[in-house]
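Let me begin by presenting the structure, written as structure tokens, before commenting on it.
Residue numbers (the working numbering): 157 to 243.
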């Protein structure tokens, strides 16, 4: 809620989506942790541990919400992030 207020997000659909993503990341924390452990093992030179929240959200969206989000929207989200962190 604080993030929504601070960034003045007023669209109810956007607010609901953000809440669902945060809830989903928490709900599937164990699954995402296994995925991210493998990711860091294979990309330890490129991926900073400090970016784990970003990778957690992207993994959640890719693994569990991609069909709903659609690939073009997911791609647009990934491309909107720092090039080094998402390549």
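Even for Gly, the Cβ is constructed at its ideal location relative to N, Cα and C.
Here the structure is a predicted model, which is why all the values come from computation and not from measurement.
- Query: Helix, strand or coil for residue 167 per DSSP?
  - Reply: Residue state, collapsed to three classes: coil.
- Task: Please list, in chain order, all residues of the same chain as residue 216 whose beta carbon is under 8 Å from its beta carbon, the five residues on each side excluded.
- Result: Here the set comprises 177, 180, 181, 184, 188.
- Task: Check each candidate in 238, 191, 161, 205 and name the one with the smallest Cα separation from residue 220.
- Result: 191
- Task: Report the three-state DSSP secondary structure of residue 238 (helix, strand or coil).
- Result: In the displayed model, residue 238 falls within coil according to three-state DSSP, outside both helix and strand.
- Query: Between residue 237 and residue 208, what straight-line distance do the alpha-carbon atoms span, to the nearest angstrom?
  - Reply: Straight across, the Cα-Cα distance linking residue 237 with residue 208 is about 14 Å.
- Query: Taking buried to mean at least 16 other C-beta atoms within 10 Å of its own C-beta, is residue 214 buried or exposed?
  - Reply: Classification for residue 214: buried.
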